[in-house]
Structures are given as structure tokens and as C-alpha cells.
Ligand SMILES: Cc1ncc(C[n+]2csc(CCOP(=O)(O)OP(=O)(O)O)c2C)c(N)n1
Ligand SMILES: Cc1ncc(C[n+]2csc(CCOP(=O)(O)OP(=O)(O)O)c2C)c(N)n1
Ligand SMILES: [Mg+2]
Ligand SMILES: [Mg+2]
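Residue numbers (my numbering), protein chains in the order written: chain A, 1 to 334; chain B, 1001 to 1334; chain C, 2001 to 2335; chain D, 3001 to 3335.
This is the structure in C-alpha cells:
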């Protein structure tokens, strides 16, 4: 059992508080019409942040679903910068710069899991040390891609860490309608790999599970499926009204187990956290976010950016379309 | 434990011998260029026949992959008749007539499993007693459809019996490259349903497993995944050369466990089978097959059959195409 | 044949309301109709298209499925075989890709491969289309890919009234129908919808604007834009017809031929990228049926040949009134 | 630039042999190339296209996968991100439907959605096409559906030499390529293939027969039939050009326009069903680029609007020389 050090736990809490603070601000920005759809992070902080902290950012890849970016700060400030471009609908939001080993958000549920297996497999082929850690929700686990990827990872013995973030909901669909399996970790048996169920509100437990899975993978022992059990404390997204379907008593129970509150009170007891730390972290989080939004707003955008990066070189048809687009846009501004 | 009666075992053996005999004849017909690709049944007889005998043909559905038809005789002579039309490439081969509850062959691996779940679900909605039994290979179990269907069946508690026919090979791919799971039955845990591994060369064991799964399903206790472990004794199909990849010693070992020989010697010992029975069964099997091929050869085919049954009524475009086709064909024969 | 107890009244509804009402009516009318999909039951659908069905018809006929598009589509095959009339929702058309092997490989072929033994009375509803700043794969216009799948009908209403009439026809149709609902139309399109049972046959195009100089041929939300373009050009004295295809399979070849023969000039508008979009099929159909009437090449207004883009670039990608008007002018000036 | 140690010799090969040799050469040339798919390693592929690769390059670079088309395609995305050059086989194009969400939704978009951070140097090979009595979904010509997927190149060789030159270019191309191999061509097409490194650029059409009266535009195996038709019509004194598109994305618009402008008449031939087939796009392209040169409507020869049929009906479905010749005559007589 590898327990994060006090210093690590403190860093983890900083990232967790940062993520929650920024998520709340983003929600408001969306309500003001300043950014696109937002998927709040509330409840996911311990799982995502602790997992990221168990990784070697230089070698290990993170393949997210869509709720994670604010909690992946450990991979560098570019994650936030690009995520704000993404939230504003700027194309550069998808370009997380080299050498950061984090893929952009995935909207097509489950499709990122095969990508993770391919990356892990590729690292083995290139004799690179490293693992591919992929996040996906309880809902996404119902996609064929999850199973096909888990099965292939098992056969290839690929260094993948599959983290099923079980927040009990997929939009309005509760886990018991998602699967009759007793737990998502049980699905590992079908791939011939270990399945581990962990309290995802316990940062240390998540850290330990990921650390162990990572070490197994690096030792050539193959993939692990980790189920992190949490609760989605917020709405699915800004487009969702969870009061239509989330039983209030369940939500209240979950709120009592809030991962941020839990780690905060733990570290307060250890004397590692206090009101000042909380305030400082929140202030910095907001500053960073606001600056990133500002920067994203003023990011340049070529008049024909729409047509860039489809192919390495324009086809004849794209070249024609580019000249039509440029012509139309020059008329516009004339 | 439900053991088939002696009389049932004898019927099962008749169907098994019939299937093997007809399969061999079909192989030869293919070699003579008289029918299309053939997937031999050798090694599959006990599993398919015994499963079919555990069903109530009036109420229970069989959803096959492609290797089963010759062993589904219990569902009526029409199965063979239609299968011969199918083997000759006649469109009517896909029309297994009402009220026979057997779907035509499925070529797109795994896609039949969702169909089975839909049928089972539909029977519940219509308060019909009955189960949907679906066959699929060890190879097909790697398709997302298998997992998505198994998971949905679990959630719906649908009366499905999922029979994974593990013949150790998917064309040239051996089971250990198909999955790292210890057994295909282990995949049931991921659906929250029982998984049963059975010796598929033992007709009585298969009968019992299917019978039990069927009773569970009818009692509203939901689906079961049965893995029937057998060995593909023949080639994948007439287009395949298994000597390129099947280790001869494995094949020899499997031949010693041939399901037809096993049941034959068992019934011989019981005095339920003898050379005369064997000969009579083989002769009848060949007569039936040859007659079915004859009938299929002389089955009528409209000049514009190509365009029938795409839609309930021709669209404008199809009507135009039909007149073009008819015109071209009348020129042809002029 | 008029039922004296029924009104011939109309009610103004959004397209979304029309769809929701039709689902209620069809489920009430035929108890074989079952609705399945992600979040369709307890939540009434992420856009509320299925609102109230679960409360009214219960958990057996209105079913929240796991997030498994392939088995949603695949189960409809089995449900149809068992004698039910499934109406499945794919939450966004882009995720029909996850079900392509069932939709194109199985649903579309059930009748053909069983030579009529089974009736695929299957309707697959899916929203799609641009202009509302959705994430990836929510907006893509994939209709041309499905039009190339023989055996599948592809229905794309442009008005609230047609949404009702075409959806009712689709559900009652014995063939499989992909019923595509424009996201921008859900709340953005409203109009009078007949209160009574209202059926619009599949495969009969609608003249949305009369006109003689040129015809704009299009479908789904782009009909709205084409009509606006026609109206604004009319004020300049140009007589622009708008033909709403309503369904691209079956295609009303007769109506296309008639309109183009009459006007001599045509513009085809689609949201899909240009290459391989359904506009090409319309142009090929014009070439087949009324080449000799053409006084100018047919213009095509499309998305560009890139994946559907992110929010900031959407308005450049999706055809708008200005691009339609420019194409009309260009075509009128040509030749 | 000629390498004095290399020969300029040619060897007569079948298309299958040309493909197999090219895979050997590309794997030898670039150790980032890995081959994956069902039965590609120990069995050398169900058609032997990958024969010998496993023995030569070992189990790490030539991998038998489980029967999971989605993850075969999906893993190529990860492999490319990790810096490899995957060449995946989908055993038959019809089963690319199982992978559509990865091919159309992910592989095709990797460069665009990451704005160039990742190079999708991915090749997906798949056999397809009629005439060899295969079971369901083995023969279907689905190219038009992929052509409507922006970001994917679709390459369809018609000769053994092009199979080599286009496959080598596809593997080396930094964009994702769907490389489609006609089943009838595997052993049915043979010809001289350069022994040396041989690259045919993607997007440059080939004039397979010179001619002035009319041009037949087609791709893949149908080029063979078009050439036979042209040859037999030549003996009657008709000068029929055949344009082999080689790839439908990128499309050689210039070559189409040039050929049609020169000949004034055109026939487009495809194996796909008619509605929404790529022939429509060719016709729309002609309409765009050389409408005024047309002396008659462009004829289309296609499969019918039904699913690809069973063996007994195949020869009626797939275009043959007779149907091509009839369309040429009809077009020459028209106008
Ligand atoms: C393939 C696919 N199907 C459906 C959707 C629509 N959708 C978006 S989020 C979501 C729920 C996802 O639930 P889960 O995986 O548990 O993640 P969570 O939102 O709970 O973090 C659905 C159904 C989608 N984006 N992709
Ligand atoms: C979706 C799909 N992928 C690939 C194939 C090609 N194929 C036909 S049979 C086969 C092997 C099937 O193995 P298994 O399911 O174990 O059945 P078996 O032949 O052993 O009875 C393959 C890969 C197919 N028919 N469908
Ligand atoms: Mg969830
Ligand atoms: Mg097998």
C-alpha cells in the first residue's frame, strides 16, 4: 500500500479545491452566455486529481472523457489554457501542445478507451516506459468500445489503467439501469485482468490503487480496471436539470461524503490546511481561470481556420472551397 | 439436474449423425462447385442438437450464427430446405417460413445477440411464454454487440439463453488470442447474470444446462450465459486450410473426444444404437439432403426477384429500376 | 369519412411539441408501440421529446436503456420480429455510428434477407444539425451516408405539421425509418399543426414556396432558410420556388423533375459537407430526369469538406441565407 | 536521382501479390509500420494478403487481434499518437460498419480535432466488391459513405501496379487512408508491377484508355470492365476514353473536368447501389465544372437500390460489360 505523503496530499487538495472553484466559476460564465456547455466537476475531484498525482507526467498518458480537464492541472498550465479555448469553441482548444501527454476531451462515449489501448501498446512497441490511464464513466462502460478495448488490453497485456468513474449517474440513468453487474470492477473478469473497487472520495485510496496498477503495468503484468465509486454532486451539464430525477435524500447523503470536504477536514486536523490556504487557493484558481478565459478570448483565428488541419495538404476540392470561403469573407468585411 | 431420457438421447443422436452426414455431403457438393461456401459442423453436433432438444419449439426462438442449421432439424424439415436454398444462393433461403421460430444464418458476427435480446424482451412485453436462445462463437464474443447485449439482457432480466460455442478457434485465431479471460463463462459476471461452463461434447450436460437456463428465464429470473467447450474438428469453411495453423496433436486429442462418437458408444452400450441404426440414419440424412438440394435447384425465381422485398412497396426509384431491369432482361432473352 | 367528433382545428406548436404529441398519440393508438433509448423515460429525453410517455404508458413501454447504441438499434430488430413496433431514440445522430452495423447491416436488411418473413416496423429517431453550439458529433448531417443504405427510409421534416404527419406515417410504416429531427427546429420552428390524426405520406415532396424563375431544393431545417431567402428575393421581384423533399428516401423524383423542368434553374442546399452529400444525388437525379430543361448548372450550397467544426466556426460552416441567396443569384446570372 | 543499384524492371503480379509485396517492402523500409487485424499474422490473412509478414517481422509488428473491428480501428488512433504507423485490416469492408464510430468519428478527425498536434498516419485496408459469391456484407461497395466522411482518404486501385504504388503512398501518407481492394481483382487482375520503390500520388486520376467520343469514369474493379467495354466498342469505330479515378478522396476534379470537356459525353460506373453512390458526386462535379461542355446527360450505371444480394442474383446486381456498353450507346445517341 502506497500512501501519498503529507506534502503530496496537500498538493492534491490544492488541485481539488482549484478544480471545484474553477468549475463553479465556469458554470456562472456559461449562465452568462460566455462559454459553451459546462460539465461540473463536483464530486469527481479526489478521483481525478489523485489519479493524476500517481502518474509520471513525463511518461504516462492521460486519456480523459470530458469532465476531467480542470482536475488535470498537474500536467501543466496548458491544460487549463486549452480547456478555456475549447469552452469558448475555439479550434485551438483541441491542440494540447507537445510534449504534454493528455488527449483532448472525448465526447463520443467510450471511444477513448481503444485509443488508450493503442497508446499503451505503442509504448511497448517503442520500448518506452509509461502507462496510458483512461477515464470513463459508469455510463460509458455500456459501450462496446469499453469491452472490446478491455478484452484486447488483456490479450496484449498492455500497460493500461482503466479508471471507471462511477458517479452513479449517466445523465438521468442510474447505475442499476446501466448494468445488473454487482460492480463495474466485476467486468474485469471478462478481460482476464484484475478489477479493483475503490472509494473514489478517498484521495489516498485512489492514489494507492492507481499507483499499484501503474507498477503492475510497468512490470509487464498488464492492465487493471479500477472502479472509483463517487457521486455526481452537480448537474450532468449546464443543459441538465437533475432535480427531475436525482432523489434529494441520495444527494444529501452524498454531500455528506463530499471528497473535497473530506480531505480538507483531514488535512486541517493534520495542520496542513487552514482558512488562509483555502482562500489563497481559491483566489489563485479564479485568477488563473479568468486569465485563461481572457487569453482564449483574444486568441487569434485565421479567416479560413475552418478549413485548416483537415488534411496535411488541401485536396483539390478543399482548395476550391478555401478560395470560395476567402472570397465570401472578403466580401463580408468590405 | 435434468437428464434427457433414453428416448431423447436417441433422438439427439439421430440428429447429430444426420447433421454430420449432411455436412460431409455438403462439403463435397461445394468441392464440385454445386453449392457456395460451407462451414462444416464437425465437433458442434452435441452442443447444437442438445440445446435445440431442450427447447419448446412452439414458443422458444433459436437465433443462430452460421454453423448451426443442419443441427436444428428438430425445428422442422423447412430448416434444411431453406438452408439448401441459402447454400445455392437463392434468395428464398433467408425466408424460414412462419411459424418456425428460427432466424436465418447471421454472417455479421455478434449482431444476432442484440436481436435475441429484442425477441426475448418482446415476448415478455407480449406476455408470451418462451425464451430466445442465441448461439455465437468464441470469436464473436469479442464483438461489442455481445457485451452490449449481455449487459442489456441483464438489466432487462430478459429471458435469453446465450450459448457461447467455444470451439477453440475463430478461423485461425486460437482462444488465448481471443481473450485473456479464464473462460467465456466468466464474462457473465460483467452482466450480473449466471455464467455456466459445460462440456459441449456431452449432449446430456448441454441439455441440462440449457434446460436449467430456460427454466430460470421462464421463471422471470433472467438470462444465463452458457459456454459450451468443444473443438472445431473440421476446417473453418471450404475456403480455409486449417493445416496452416491447427497443431495436429491438438486436433488428434480433440478427435478422441468427438461428440458423435462419444454419444454413439454410450448408446451402443445401452443397447439403443447399433450399426443398422447408424446406417439407416445416414441413408435418410443423405436422401433428405439430396432431395432438398434438388428442390432448391428447381425453386422458381422471378426475373426481377432481385428487387423484391427491399421495401413493402417500391419507391419511385425502385420502380424505375424495376422497369429498367425487366427491359434489359427481356432484351437478353429475345 | 370525417369523424363528426373530431375537430379540424389546428394548434400552434413547436416542432418538439409536435413530435412529443405524436409519440403520445401513436402509443395510445397502438399498444405494440414501445419507446426505447438513453434517458427517454424518467427524464423524458434530453430535449423532452419523450416527455410524459413514461408516466402515461409505464416502464414496460417506455424504457431507459444503458448507453449502448448498437444494442438499442439491434434490439429493435428483435422487438419487430416479436411483433412490436419499436420507436428507438439515438440521442444524437452522430452516435448512430456506434450502431451502424445494426442500422445499415441489420435493420435496413431485415425484410430483404428474410424475403418478407419479417416486417421491420422500426422507427429510429435522432436529432442532428448545426447552429446550436453543441459538442462534437451532435450536429453532423449524416443523411447521405444512410441514403446509400438500401432498405432504410430517411425522413427529414422541416415544419411542425410535417413533423407530426411524417412521424405518424413513419411509425405506422412497415419499413424501417430513420427519422431525423433538426436541433435548431426543436424550438426554432413552430407552426399550426392539425389536432386530428394527421398523416403525411413518405416520399411526397412539398412546395414550400411557389415560384417560376428558379427552384431551391432542400430538406429539414435548411427549408426554413431557403424560404427566408426566397421571401427576401421576392421583394426584389424574383420568383423563387422552394421544394422541401421531406424524405430523401423515398425520393420524390417526380416532384424534382417537375420543378426543375418548370424553372430551368436549381440550387440544392444541404448542411452536410459537400463531397458525397445528398445534394449530389439530387443533382444526379436532375441530370437523369430533366437535363434538357436546365438553363444553367445546378448550384450546390453545402458545409465544407471538414469535420463539423467547433462553436466559433459553426456559422461559417453551416449554409445561411446569405450563401443561399448568393447561389441563387449566381445561378440566375449563369448561362 | 536514379539509384544505379536498382533495376527498372517489372514483374507480372496479381493485385494480391502486389499488395503483399508492398506490405513487405513498407515494413522493411520503416520499422514504425505495424500490421494488425483478424487472422493477419499466423494465417497470413484470409486471402494471404499479409502472408509471410509474421514470419519476417515477428509477433510484435504483425498482430492477430480478437474479432473486434471497433478496437482494431480505435487502436490505430492510439498507435499513431504513440508514433507508430499502423496498417490495419478489416477482414471485409462490410464489417467496417462495426468500426464506423472509430473510423468516421475518430480516425478521420484526429488531425482536425487536435488541430494538427497528432498525425494520423493510419492505413485501413479492406477487401470488398462483388462477383465472387461471398456471403452477406462481404461484397458491399460502401465507398460513398466514407467519401462523405471529411478527413478520410478513400483509395481504390484498379491495377496491380497501382495497388503497389497507391498502397505505398497510403502507408507513407500522413493522413488516414481507407484502402479498398476489389475481391475480384485479388487474383483476377494481374499486370506488370515495377520492382523498385514505386509511388503513385493520391488524387491523380489515370487515363486507362484514350478516346474522344465519350468518357467512362469509374474506379476499382469496374475500370477493368470499362476497359473491356471500350475495347469492344473501339472495334466498332467508337473512341471511348476510360478515366480511372484511383482515389475518390482526394478526387481529381481537374482530370474529370478535362476529360468531360474534351469528350462532351460521360458515363459513370459504380458497383454501389444507385442512390447516394459516389457516381452522384462525380455527376455533381461534372455539373459544377463542365456543364457547358455536356452534349447529353451523364449516364449512371450502378447496382440497384437493394442490399447486396445473394449469389444467384449477384450477376444481375453488379454492372457488367453489357450494361456499360448499353449506357455508352444510349449516351452517344442522346441529344
Ligand atoms: C456514444 C455516445 N452516446 C451518447 C452520448 C450522449 N451523452 C453524453 S454524456 C452521457 C452520459 C455519460 O455518462 P457517464 O459515462 O457515466 O459520465 P458522467 O457524465 O456521469 O461523468 C450521454 C448519454 C454521447 N456523448 N456519446
Ligand atoms: C463482424 C464480422 N467480422 C469478421 C467476420 C469474418 N469472419 C467470419 S467467421 C469468423 C470467425 C468466427 O469465429 P467464431 O465466432 O468462433 O465462430 P466459429 O467459426 O468458430 O464457429 C470471422 C472472423 C465476420 N463474418 N463478421
Ligand atoms: Mg456517470
Ligand atoms: Mg470459434
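Here a beta-carbon is modelled for each residue, glycine too, at the ideal position from N, C-alpha and C.
Note that this is a predicted model, so its numbers are computed, not measured.
Ranked by Cα distance from residue 111 of chain A, the first of D:3093, D:3195, D:3078 is D:3078. Taking 8 Å as the cut-off, the beta carbon of residue 2096 of chain C is found closer than this to the beta carbon of residue 2126 of chain C. The three-state secondary structure of residue 100 of chain A, taken from DSSP, is coil.
If the five residues before and after residue 3040 of chain D are omitted, its C-beta is found closer than 7 Å to the C-beta atoms of 3050, 3062, 3064, 3089, all from its own chain and listed in chain order. When the Cα atoms are used, residue 3327 of chain D and residue 2025 of chain C turn out to be separated by approximately 49 Å. DSSP places residue 2137 of chain C outside both helix and strand once states are collapsed to three, so it counts as coil. Following the DSSP letters along the chain, one finds residue 2247 of chain C inside the beta strand (DSSP E) bounded by residues 2247-2249. These are the residues, in chain order, with a beta carbon less than 7 Å from any non-hydrogen atom of ligand 4: B:1137, B:1138, B:1139, B:1165, B:1166, B:1167, B:1168, B:1169, B:1170, B:1232. Residue-level contact by beta carbon holds for residue 311 of chain A and chain D, with a gap shorter than 8 Å. Residues of chain D whose Cβ lies closer than 7 Å to the Cβ of residue 65 of chain A do not exist, since the nearest Cβ in that chain is about 14 Å away.
If the five residues before and after residue 1240 of chain B are omitted, its C-beta is found closer than 7 Å to the C-beta atoms of 1171, all from its own chain and listed in chain order. For residue 3066 of chain D, the nearest CB of chain B lies under 8 Å from its own CB, placing it at the interface with that chain.
A residue is called buried once 16 or more other Cβ atoms fall within 10 Å of its Cβ, and residue 1042 of chain B is buried on that count.
Excluding sequence positions up to five before and after residue 2311 of chain C, its CB lies within less than 8 Å of the CB of 2133, all in the same chain and listed in chain order. Listed along chain A are 144, 147, each with a C-beta nearer than 7 Å to that of residue 1147 of chain B. Using a Cβ distance threshold of 8 Å, residue 68 of chain A and residue 97 of chain A do not count as a contacting pair.
Annotation: residue 69 of chain A has no Cβ neighbours in chain C at a cutoff of 8 Å; minimum Cβ distance is about 13 Å. The beta-bridge partner set that DSSP reports for residue 3192 of chain D consists of D:3012. Per DSSP, reduced to three states, the secondary structure at residue 301 of chain A is coil, with no helix or strand assignment.
Around the beta-carbon of residue 3222 of chain D, 16 or more other beta-carbon atoms lie within 10 Å, marking it buried.
Looking at the DSSP output, residue 164 of chain A sits in a beta bridge with A:136, A:227.
Not a single C-beta of chain A is nearer than 8 Å to the C-beta of residue 2129 of chain C.
In the DSSP annotation of this structure, residue 2146 of chain C is not part of any beta strand (DSSP E); the continuous alpha helix (DSSP H) holding it starts and ends at 2143-2147.
In the structure shown, residue 3272 of chain D adopts extended strand secondary structure according to DSSP, grouped into three states.
A buried status is given to residue 3129 of chain D, since no fewer than 16 other beta-carbon atoms sit within 10 Å of its beta-carbon. When distances are taken from the beta-carbon of residue 2038 of chain C to the heavy atoms of ligand 1, the shortest one is below 7 Å. Listed by position along chain D, the residues whose Cβ is nearer than 9 Å to that of residue 1091 of chain B are 3309, 3310, 3312, 3313. With a contact defined as Cβ atoms closer than 8 Å, residue 2191 of chain C and residue 2160 of chain C qualify at about 4 Å. Along the length of the stretch 1160-1220 of chain B, whole beta strand (DSSP E) runs at least 3 residues long occupy 1160-1166, 1195-1199, reported in chain order. Residue ranges of uninterrupted beta strand (DSSP E) with 3 or more members, entirely inside the stretch 2227-2313 of chain C and ordered along the chain, are 2240-2244, 2247-2249, 2266-2273, 2299-2303.
Identification of chain B residues near residue 2083 of chain C by a Cβ-Cβ cut-off of 8 Å yields 1122, 1126, ordered along the chain. Bounds of the beta strand (DSSP E) holding residue 2064 of chain C are 2062-2064. Contacts with chain C at 8 Å (Cβ-Cβ) do not include residue 55 of chain A. Against residue 1108 of chain B, the close residues of chain C are 2101, 2105, 2106, in the order they occur along the chain (beta-carbon pairs closer than 8 Å). With respect to chain B, the C-beta atom of residue 2115 of chain C has a partner C-beta closer than 8 Å. Cβ neighbours of residue 1245 of chain B within its own chain (closer than 6 Å, five residues either side excluded): 1172.
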